[in-house]
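Residues in the sequence shown are numbered consecutively from 1, following our numbering.
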Amino acid sequence: MKSVLRALVIACCMTLTVTGARSAEILISTENTADHFQTIFLQKFAASLNAGISEHRFRVIHSAQAFKDRDVAEALSTGRIAMAAPGIWHLGRFSADLNALLLPSFMGLGSADVRKIVDGDFGTRLNQSLEKNLNVRVLGRWLDLGPAHIFTRNIAVNHFGDLRGLRIRYAGGEGNALRLKAMGAIPVLIPWPNVPDALDRKEIDGLLTTTSTVVSAALWKHGIAHAFLSYSYYPFYVPLISHDVWARLKPATRDIITRSWEDMIDGGRKLAVTHQQASLITAAQNNIDIADPGMAERQKQRLVLLAHQGELAATAGISQSAVRTLTQIAGQP
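The following block contains the structure:
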């Protein structure tokens, strides 16, 4: 069924390419489930576009029915999908300096602090790099996902030292893998749609993700029983449109798309924060034990990791200029 839908997605994008300004369906891909707040926000965005643009119909395809997010950037680059909003952890392959946002300097930073960085000059340079390397257009400010934590099955994690030897799934991003290794965990790269099966088969002990993501897939039904509020990093989704599609849209249509995103993004960011907070309550109501190591232990762990930040940055291919900028903006203790 997925292969049939994917063929239809590609056919739709080809139709837009061939017919130019004629009416065509423009598809927005996400790997998240229908209940995930990102999907909900993208559907609201599509509805806003449909209300303001008569010559096209915008539709969200969720649950990786079109593409997994690890593959969607290349699909955008080649025009096989029109729009998507993959997470920053999937995009470091195409702009290595994006991995800087996964470095220890960002561990424990709040939403306001991280937004200042990604909304400023540093974020602009990252956007320009993505546009150049991927043949895409960044539509505007990034959508928050929220703080990433550690969730485990049968082994409770109460302190960072408890991660040693655990097989922890991560979604992508060289910085995530390196950080987990530095804490003694064994990073396991698994695409999000495959996580429930991996948990059921006990291939992993836990995962690095957010409470919203855990709740969206009811992962307690797949064995997740513990949460460790590590505040490992603060991930975002980057709104992208294929440049091949963008080039064929009327200027007025382009303007509506970018203005609609800008008009809605502050609300989307608030939705992310409230959804993460509500999801923590939902997780507890479904018998997930929540351990908070506290600010002092998180800061201690951050200091330990910061001692290795130069090595982590070099391994991830992050430029020295990005590391210097990051140090100046995010600060060091």
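Ideal Cβ positions, reconstructed from N, Cα and C, are used throughout, including at glycine.
Separation of residue 295 and residue 77 (C-alpha to C-alpha, rounded to the nearest whole angstrom) is 41 Å.
Where residue 197 is concerned, the enclosing alpha helix (DSSP H) starts and stops at 195-200.
One alpha carbon belongs to residue 216, the other to residue 35, and they sit about 5 Å apart.
Between residue 243 and residue 93, the C-beta gap is not smaller than 8 Å, which leaves the two residues out of contact. Proximity to residue 193 across 24, 57, 63 peaks at 63, based on C-alpha coordinates. In this structure, DSSP gives residue 238 a state outside helix and strand, which the three-state scheme calls coil. Residue state for residue 219 is assigned as helix, using DSSP reduced to three classes. Between residue 233 and residue 106 a beta carbon distance of about 5 Å is seen, short of the 8 Å cut, so the two are scored as contacting.
Residue pairing by DSSP places residue 60 opposite 28 in a beta bridge. In this model, residue 25 and residue 250 are separated by some 15 Å (Cα to Cα).
Listed in chain order, the alpha helix (DSSP H) elements of length 4 or more contained wholly in the segment 76-157 are 111-118, 121-134. Leaving aside the five residues that flank residue 211 on each side, the residues in its chain whose CB is nearer than 6 Å to its CB run, in chain order, 276, 279, 280, 283. With a contact defined as Cβ atoms closer than 8 Å, residue 326 and residue 103 qualify at about 7 Å.
Contact between the segment 124-136 and the segment 182-201 is not established, with fewer than three Cβ pairs separated by less than 8 Å. Taking C-alpha positions only, residue 236 is separated from residue 55 by approximately 31 Å.
Less than 8 Å divides the Cβ of residue 168 from the Cβ of residue 204.
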